Structure formats: C-alpha cells, structure tokens
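Below you'll find the structure, written out as structure tokens, and then a few comments.
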Amino acid sequence: RDRLCASAHKVFTVLASASQATDDTGACKRILECYLRWLKFASMSAQELEHSPLLAVALRSVEHPLLSDVAAEVIVETLKICAGRMQEFGGVLQKVVPRIVGIAPQFVALLQLPAEQAQSQQEV
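Just so you know, the sequence shown maps onto residues 1 to 124 in the working numbering.
See the structure below:
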C-alpha cells in the first residue's frame, strides 16, 4: 500500500494528461472514475488538490448528463478530504463551493418535480 500511495502523484499526472488529450465522454468518465478511486485510496496535499486539473474537470462536468454522477462523487470525496481541515484546504473549498452554489437553483428545481419528470429533465 505504501508503495502504491507513493506513486499516486504519478498516477494523477497521467490521468490529468489523459483527460486533456481526449474529448471522448466515455474516456472522460473512466478517467474521473479512476481519479475518484485514487482520491479514496491515497492522500493528496491541499496544494495538489487545489491545483488538480481533474478537480477542474469534475467541476466542469457536474452538469453533463453522462458525467454528472461521477463528477458529483469526485466533488463529495473532495469535500470529505477537506472536512475539518478548512484552514489547510481553504483554497480547494474556494474552488468547489461557488460551483456548488451556482448549480443549487437547478438542483432545487429538479427536487420539486415528480421523479419521472426530474429524470427526463436531467437527461436533456
């Protein structure tokens, strides 16, 4: 485990390069899924997380119909990492919180619709 965690930075770099090299939604989803697994497995410093191109991809993808689920999971995991360490991870929170606040009205509107209608709205 220690050897794998020690190589996490290299993995994040490869994933970031791969995400910048593709416009394919399926590939982007797999990249975000892999990033999510590594976020859960290895630790990232506040600076690494704040400047992570993959966090930026997740924040941009949260409204994409095919990427929203994994993007939301990345954001939630990021918030879990920041929890209780606001001073250390303040820069990360400054990136994440405005994005969450920005999509809140759409989320509230979807919650007020019947389930079937909300699902069809999200797929559009």
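Cβ atoms here follow ideal geometry from the backbone N, Cα and C, with glycine treated the same way. These numbers were taken from a predicted model, which means no experiment stands behind them.
- The alpha-carbon separation between P98 and E73 amounts to approximately 17 Å.
- DSSP, read as helix, strand or coil, puts F12 in helix.
- With a contact defined as Cβ atoms closer than 8 Å, I100 and L49 miss out at about 16 Å.
- The beta carbon of K29 is closer than 8 Å to those of L66, L67, V70 in its chain, skipping five residues each way along the sequence.
- DSSP places F107 in the helix class (H, G or I) of the three-state scheme.
- For T25, the enclosing alpha helix (DSSP H) begins and ends at 25-41.
- Distances from the CA of V92 to each of A58, T78, Y35, A42 were compared; the closest alpha carbon is that of T78.
- Contact check between the stretch 15-24 and the stretch 40-58: three or more CB pairs, one atom from each, fall below 8 Å, which counts as touching.
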